[in-house]
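K.L.:
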Amino acid sequence: MAMYRKLGKKSDQRIALLRNQVTQLLYHGKIETTEARAKEVRKIAEHLITLAVKEKDNFDEIKVTAKVAKKDKDGKRIKEVVDGKKVTQYDEVEKTVKKDQPSRLHARRQMLKVLYPVVEVPTDAAGKKAATKKVDLTAKLFDEYAAKYASRKGGYTRIVKIGERRGDGAMKVILELV
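Counting from 1, one number per residue, gives the positions in the sequence shown under the UniProt record's numbering.
(1) Would you kindly check if the distance between the Cβ of L112 and the Cβ of T138 is under 8 Å?
(2) What residue from R165, A150 and V93 has the CA that sits closest to A36's CA?
(3) Looking only at its own chain, which residues have a Cβ that is under 7 Å from the Cβ of Y145, when we skip the five neighbours before and after it?
(4) So does the segment 158-177 actually touch the segment 61-72, counting three or more Cβ pairs closer than 8 Å?
(5) Measure the C-alpha to C-alpha separation of K43 and S11 and round it to an integer number of angstroms.
(6) Can you say whether T23 is buried or exposed, counting buried as having 16 or more other CB atoms within 10 angstroms of its CB?
(7) Check this for me: beta carbons of L141 and K30, under 8 Å apart or not?
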């Protein structure tokens, strides 16, 4: 007996499909898919959330001094001439940074094996690369979902049946985070 559903796809296609659906579930909070796919995505997503819950407080905060470029009122860097060259002026700023302990770093890398990178594009600036920003889903897992599900012992997702698909009669469901 198989340990997982093959979903009528070759292994590389199946892995890509599941990775994509898990990424979209964690980014949007819910997805619409077939029942068989939802049950497979649920296994992976709940495992990732469990990793985040276990490692949510496993970091050290350290203070770091960083150089930040001085900027004028328009947001442009202030430059001065030194030996005939224009050089940017910098201020030193103290920042507190979260440094993962080894087990949390391992959990983060396990999550990154599954999750695809997500780029958020605003609707008003569609097509403009400068307006895009990368979304860190591992940070979202550790900060939002781990805090939200810290008191639960599993069961982070819900499957709601919404009817049969018109073409082939497959059961369509909504998979959402509780």
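Where a beta carbon is used, it is the ideal one built from N, C-alpha and C, also for glycine. These figures come from a predicted structure and were not determined experimentally.
P.N.:
Here's the rundown:
(1) Along the sequence shown, read from residue 1 onward, the residue named residue 138 stands at position 138. Along the sequence shown, read from residue 1 onward, the residue named residue 112 stands at position 112. Yes, these two residues count as a Cβ contact at 8 Å.
(2) Position 36 of the sequence shown, counting from 1, holds the residue named residue 36. Among R165, A150 and V93, the Cα nearest to that of A36 is on R165.
(3) Here residue 145 corresponds to residue number 145 of the sequence shown, with the count starting at 1. Counting only Cβ-Cβ distances below 7 Å, and skipping sequence neighbours, we find I49 and A52.
(4) no
(5) Taking the first residue of the sequence shown as position 1, residue 43 is located at position 43. Taking the first residue of the sequence shown as position 1, residue 11 is located at position 11. K43 and S11: Cα-Cα distance of roughly 17 Å.
(6) Here residue 23 refers to the residue found at position 23 when the sequence shown is read from its first residue. Buried is the call here.
(7) To locate residue 141, count along the sequence shown from 1; it is residue 141. To locate residue 30, count along the sequence shown from 1; it is residue 30. Not in contact: L141 and K30 (Cβ atoms no closer than 8 Å).
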